[in-house]
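Per my numbering: the sequence shown = residues 7 to 471.
Ideal placement from N, C-alpha and C gives every residue a C-beta, glycine not left out.
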Amino acid sequence: KEMQDAFQNAYMELGGLGERVLGFCHLNLPSGKFPRGFKFDTDELNFPTEKLCFVGLMSMIDPPRAAVPDAVGKCRSAGIKVIMVTGDHPITAKAIAKGVGIISEGNETVEDIAARLNIPVSQVNPREAKACVVHGSDLKDMTSEQLDEILRNHTEIVFARTSPQQKLIIVEGCQRQGAIVAVTGDGVNDSPALKKADIGIAMGISGSDVSKQAADMILLDDNFASIVTGVEEGRLIFDNLKKSIAYTLTSNIPEITPFLLFIIANIPLPLGTVTILCIDLGTDMVPAISLAYEAAESDIMKRQPRNPQTDKLVNERLISMAYGQIGMIQALGGFFTYFVILAENGFLPSRLLGIRLDWDDRTMNDLEDSYGQEWTYEQRKVVEFTCHTAFFASIVVVQWADLIICKTRRNSVFQQGMKNKILIFGLLEETALAAFLSYCPGMGVALRMYPLKVTWWFCAFPYSL
């Protein structure tokens with residue numbers, strides 16, 4: 007009894023330090039039945055396991071990597087629940103979990119509460135404990151409802167003395183909660199859990215070939231912190247794709263509304279097909295690509311995981327912002343410039359309604375403006391193509407602000423800063439290209455784009471603020 011108590015105390019003390027404890031024993035075997043070189047089989051036991059003489063115990067530790075606690079903290083702030091599944095004794099597993107932050111300081115298990123209150127564990131309400139350590143033998147006897155209760159009500163969970171097969175049960179339980187589950191594994195027996203998980207991650211160094219084949223991803227350095235880095239990079243890629251798509255979609259509205267009013271209101275065409283191509287294949291290209299190089303926002307690992315059912319790459323919110331808000335502002339800026347130029351040339355907005363057929367009639371060389379001045383077909387077309395150029399320039403001006411808006415999803419641009427050199431180059435490139443197409447000699451013949459007054463560039467500025 008004294009030896010058992012001493013063993014138990016030593017075991018608890020060493021296990022509480024996060025050390026793995028190995029027990030050693032010996033047994034004298036008859037040489038006739040077990041000659042030198044006998045092959046012992048631990049799978050199908052071919053040797054006695056009774057009447058062993060305990061010799062002693064030894065502890066060893068495989069310390070977690072230094073980056074793991076910080077990685078676990080990042081997961082928690084990002085809304086990712088880290089569950090530890092290990093074959094170690096619950097005492098050792100709990101100590102390791104506390105060391106790396108899976109169980110936060112101050113959070114208690116039911117055993118901790120019972121010890122603090124000096125009451126039996128059975129009298130403690132499990133929901134009072136934020137942390138939970140589940141023994142594999144208990145997990146084996148649990149129903150699905152009991153496992154769901156643990157996963158639902160405890161924020162910090164450790165499964166100890168579990169077998170690889172029980173990983174599959176845990177994965178299925180997490181998926182029943184509607185979670186996206188990532189699982190790490192290195193053994194052959196981990197394959198079912200790796201396949202069942204939404205993201206199976208095999209160890210590249212210590213993992214078996216079978217586990218690598220079953221996994222979706224192979225961790226080359228066997229470092230948990232690399233998984234967290236991958237999550238951060240994945241969020242960054244998703245963010246930047248949304249930004250680039252949002253920026254690209256906005257110009258569709260100012261490109262299509264001129265044709266709608268051209269047909270519905272019978273006004274002279276505000277924007278030509280050539281100028282649309284100049285936007286889509288010229289001024290928009292570099293700024294849209296530059297958003298792929300945008301650095302991560304400061305809160306990228308402080309957001310809750312996105313809902314895959316609602317927060318898709320292109321969702322209603324993105325469409326409404328691109329088309330219903332920014333796109334309409336761009337269209338208004340373009341139409342304002344269009345009406346200003348025509349008004350300066352004598353055609354007030356009221357005179358433009360229903361004038362399209364006469365405006366495009368090559369035989370009509372005496373079309374009167376709002377003040378009675380007559381315009382020939384060639385004169386009208388010069389004004390129309392000038393409007394096309396001005397509408398194009400107005401879209402570019404408002405796209406400056408659109409690029410800054412799309413640069414961040416959550417944070418202010420002042421928090422993010424203007425460190426993306428490619429984005430700055432994109433702003434300069436689209437401005438220079440717009441100016442080149444407007445003022446380069448010969449563009450009036452080649453692309454039907456005519457020089458603009460400097461003041462006409464400023465018409466769209468209020469819509470860019």
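Margin query: Between the alpha carbons of T263 and T254, how many angstroms are there, rounded?
Written below: 16 Å
Note down the Cα distance separating R309 from V74, rounded to an integer number of angstroms. Rounded to the nearest angstrom, the gap between the Cα atoms of R309 and V74 is 20 Å.
Beta carbon of A466 nearer than 8 Å to that of G288
No, they are not a contact pair.
Q) Which full runs of the beta strand (DSSP E) of 3+ residues lie inside the segment 62 to 125, going along the chain? A) 89 to 91
(Q) My output table needs one value for E374: the three-state DSSP class, helix, strand or coil. (A) strand
Rounded to whole angstroms, what's the CA-CA distance from Q472 to V194? Just pull it up for me. The structure shown does not extend to residue 472, since the chain is modelled only from 7 through 471, so no value can be given for it.
Going by DSSP, what residue range makes up the alpha helix (DSSP H) through R386?
383 to 412
Below 8 Å on the Cβ atoms is my guess for D375 versus G352; work out the distance and round it to an integer in Å.
With a Cβ gap of about 3 Å, D375 and G352 count as contacting.
*What first and last residue would you give for the alpha helix (DSSP H) that runs through M307?*
Taken as a continuous stretch (DSSP letters only), M307 belongs to no alpha helix (DSSP H), as it is neither H nor E.
Open item on the list: As a quick exercise: from L35, F13, I347, G43, pick the residue whose alpha carbon is nearest that of D29.
Closed with: One point to set straight first is that residue 29 is Gly, not Asp, in the sequence displayed. Considering only alpha carbons, the answer is F13.
According to DSSP, is M334 helix, strand or coil? Helix, per DSSP.
Self-check item: Contact between the segment 80 to 100 and the segment 44 to 59 (3+ Cβ pairs under 8 Å)
Solution: no
Original post:
Can you check whether the CB of D94 is closer than 8 Å to the CB of A166?
Top reply: Judged by their CB atoms, A166 and D94 are nearer to each other than the 8 Å cut-off.
Distance between beta carbons of E303 and T414, contact taken as under 8 Å
6 Å
Quiz item: What is the residue span of the alpha helix (DSSP H) that F165 lies within?
Solution: F165 -> not in any alpha helix (DSSP H); beta strand (DSSP E) instead, spanning 162 to 166.
Nearest-angstrom Cα distance between F485 and K249?
Residue 485 is absent from the model: the chain starts at 7 and stops at 471.
Q.
For L23 and I205, I'd like the C-alpha separation in whole angstroms.
A. 32 Å
Counted within 10 angstroms of its Cβ, other Cβ atoms place Y299 as buried (16 or more) or exposed | exposed
- Query: If we count the other Cβ atoms within 10 Å of its Cβ and call it buried at 16 or more, is K146 buried or exposed?
  - Reply: exposed
Query raised in the report: Under a three-way DSSP split, which group does F244 fall into?
Result: helix
Original post:
With V404 and Y469 assumed to form a contact (beta carbons below 8 Å), what rounded beta-carbon distance in angstroms separates them?
Top reply: 5 Å
Worksheet item: With a Cβ-Cβ cutoff of 8 Å, do T256 and F398 count as a contact?
Response: no
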